[in-house]
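A.B. asks: Handing you a structure now.
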Amino acid sequence: MTTTNEKEETEDDLRNESTRSKAELNLSLAPYVLLAVLRVVLTLVPQTGYVQPDEYFQSIEIVTEDIFDVEASRPWEFNTTKPIRSVALPYLYAGLPLFVLKCVAPFVKLWFEYDMVTPYFLVVIPRLTCCLLSFLNDLCLFRICNIYGQNYRARLLTLASSYVLLVYGTRTFSNTIEMTLTSVLIYFVADCMHKSDQIIYQDEYLEECYIRAESMREKVRLNRLRKSLPGHSFSSCIKIASISVLGVFNRPTFIAFAFTPIFFWLHRGLGSRHIGLSDFHLRIVLLGK
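For the sequence shown, the numbering used here assigns the number 316 to the initial residue and increments by one for each residue that follows.
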């Protein structure tokens, strides 16, 4: 009788656990959507202050000096004698939108008699670009969760409600671009590691089947299947190297954030039968090139 009751309690616990899991998986995305809208609204709301002056001095002020021919003070990181950072990325996320504004503003003023070259638009348009780029963090998190079968709804809600993303993620900081590049790098590494694990498992499984096979026809078939498996040892090498270079051009501190994901990318499959230290060293060489 006791055994029967214990079995019933166990079954009830399993059903309750399954119900809780389904409830967690069916978590509504409405709060995330509201927070995403809030992120955009906070970007568009006029703000007369700043979190830190670098959001102007190291991005907007640099590009407005060249695009609108205004007087500005160029910080020491971007001087012409010994610069430590590249001006290329600020020109992409702040300069390009402002250049479009400069081209569109005369037509808007002619047709609607409205001047768009104002302090509000000079500040908000680059911020809006950074806000749109911040959603790459959400996309990378969503895809990583799908790769590993995790609950993306709760994780997206946690990310979207973060003070860091709502405030700093929409500002024209170099740290904002650094965060986005780090997220993209982690996604490519996670995707690459997952695919490598699958291919290595299939390769070792086919190898065991090949060893156990008795007929020559079966061995030939299995050998063809092994050779048809896609290569994985150096996959995403160009993508990871490009993101790393962009990150260092943006901020030299990117090396500290990129070290861990790149370390895991280099060590993919080292515990398997056919990947050794030679692959590890060759990956380092190819990544450096």
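All C-beta atoms in this analysis are idealised placements derived from N, C-alpha and C, irrespective of residue type, glycine included.
For residue 522 and residue 557, I'd like the C-alpha separation in whole angstroms.
C.D. replies: As a working note, residue 522 is residue 207 in the sequence shown. As a working note, residue 557 is residue 242 in the sequence shown. The alpha-carbon atoms of residue 522 and residue 557 are separated by roughly 35 Å.
A.B. asks: Near residue 289, what residues of its chain come up, given a Cβ to Cβ distance below 7 Å and the 5 sequence neighbours on each side ignored?
C.D. replies: The requested residue 289 is not part of the displayed model; the chain covers only 316 to 604.
A.B. asks: Could you give the distance in angstroms between the alpha-carbon of residue 429 and the alpha-carbon of residue 417?
C.D. replies: Residue 429 sits at position 114 when you count from the first residue of the sequence shown. Residue 417 sits at position 102 when you count from the first residue of the sequence shown. Residue 429 and residue 417: Cα-Cα distance of roughly 13 Å.
A.B. asks: Nearest-angstrom Cα distance between residue 546 and residue 515?
C.D. replies: To locate residue 546, count along the sequence shown from 1; it is residue 231. To locate residue 515, count along the sequence shown from 1; it is residue 200. Between residue 546 and residue 515, the C-alpha separation is close to 10 Å.
A.B. asks: Under the rule that 16 or more other beta-carbon atoms within 10 Å means buried, what is residue 571, buried or exposed?
C.D. replies: Here residue 571 refers to the residue found at position 256 of the sequence shown. Answer is exposed; the Cβ neighbour count stays below 16.
A.B. asks: Rounded to whole angstroms, how far is the Cβ of residue 580 from the Cβ of residue 508, which I believe are closer than 8 Å?
C.D. replies: Here residue 580 refers to the residue found at position 265 of the sequence shown. Here residue 508 refers to the residue found at position 193 of the sequence shown. Between residue 508 and residue 580 the Cβ distance is about 7 Å, and since that is below 8 Å, they are a contact.
A.B. asks: Between the Cα of residue 411 and those of 379, 435, 384 and 432, spot the shortest distance and give me the residue it belongs to.
C.D. replies: Along the sequence shown, one-based indexing puts residue 411 at 96. For the residues 379, 435, 384 and 432, the minimum Cα distance to residue 411 belongs to 379.
A.B. asks: To the nearest angstrom, how far is the alpha carbon of residue 471 from that of residue 453?
C.D. replies: Numbered from its first residue, the sequence shown carries residue 471 at position 156. Numbered from its first residue, the sequence shown carries residue 453 at position 138. Spanning the two alpha carbons is a distance of roughly 7 Å.
A.B. asks: Between the segment 466 to 482 and the segment 421 to 437, do three or more beta carbon pairs fall short of 8 Å?
C.D. replies: In short, these stretches do not touch, since the Cβ pair count stays below three.
A.B. asks: Between residue 401 and the rest of its own chain, which residues show a CB-CB distance below 6 Å, the 5 nearest in sequence each way excluded?
C.D. replies: Counting from 1 along the sequence shown, the entry for residue 401 is found at position 86. 564.
A.B. asks: Identify whether residue 373 lies in helix, strand or coil by the three-state DSSP scheme.
C.D. replies: The residue you call residue 373 lines up with position 58 of the sequence shown. Three-state result, residue 373: helix.
A.B. asks: Whose C-beta lies closer than 6 Å to the C-beta of residue 494 among residues of the same chain, with five residues either side of it excluded?
C.D. replies: Translated into positions along the sequence shown, residue 494 becomes position 179. Correct list: empty, nothing qualifies.
A.B. asks: Tell me whether residue 489 sits in a helix, a strand or coil according to DSSP, three-state version.
C.D. replies: Here residue 489 refers to the residue found at position 174 of the sequence shown. Residue 489 falls in the helix class under three-state DSSP.
A.B. asks: Please identify the residue among 542, 457 and 405 whose C-alpha is closest to the C-alpha of residue 469.
C.D. replies: Within the sequence shown, the letter at position 154 stands for residue 469. Taking only the C-alpha atoms, the option nearest residue 469 is 457.
A.B. asks: How long is the line joining the alpha carbons of residue 397 and residue 489, rounded to whole angstroms?
C.D. replies: As a working note, residue 397 is residue 82 in the sequence shown. As a working note, residue 489 is residue 174 in the sequence shown. When rounded, the distance between both Cα atoms is 19 Å.
A.B. asks: Roughly how many angstroms separate the alpha carbons of residue 505 and residue 562, rounded to a whole number?
C.D. replies: In the sequence shown, residue 505 corresponds to position 190, counting from 1. In the sequence shown, residue 562 corresponds to position 247, counting from 1. Roughly 18 Å separates the two Cα atoms.
A.B. asks: Near residue 465, what residues of its chain come up, given a Cβ to Cβ distance below 6 Å and the 5 sequence neighbours on each side ignored?
C.D. replies: On the sequence shown, residue 465 is found 150 positions in, with the first residue counted as 1. Result list for residue 465: empty, nothing under 6 Å.
A.B. asks: Please state whether the Cβ-Cβ distance between residue 403 and residue 444 is less than 8 Å.
C.D. replies: Position 88 of the sequence shown holds residue 403. Position 129 of the sequence shown holds residue 444. Taking 8 Å as the Cβ cut-off, residue 403 and residue 444 do not qualify as a contacting pair.
A.B. asks: What's the call for residue 373, buried or exposed, on a 16-neighbour Cβ count within 10 Å?
C.D. replies: On the sequence shown, residue 373 is found 58 positions in, with the first residue counted as 1. Residue 373 comes out buried.
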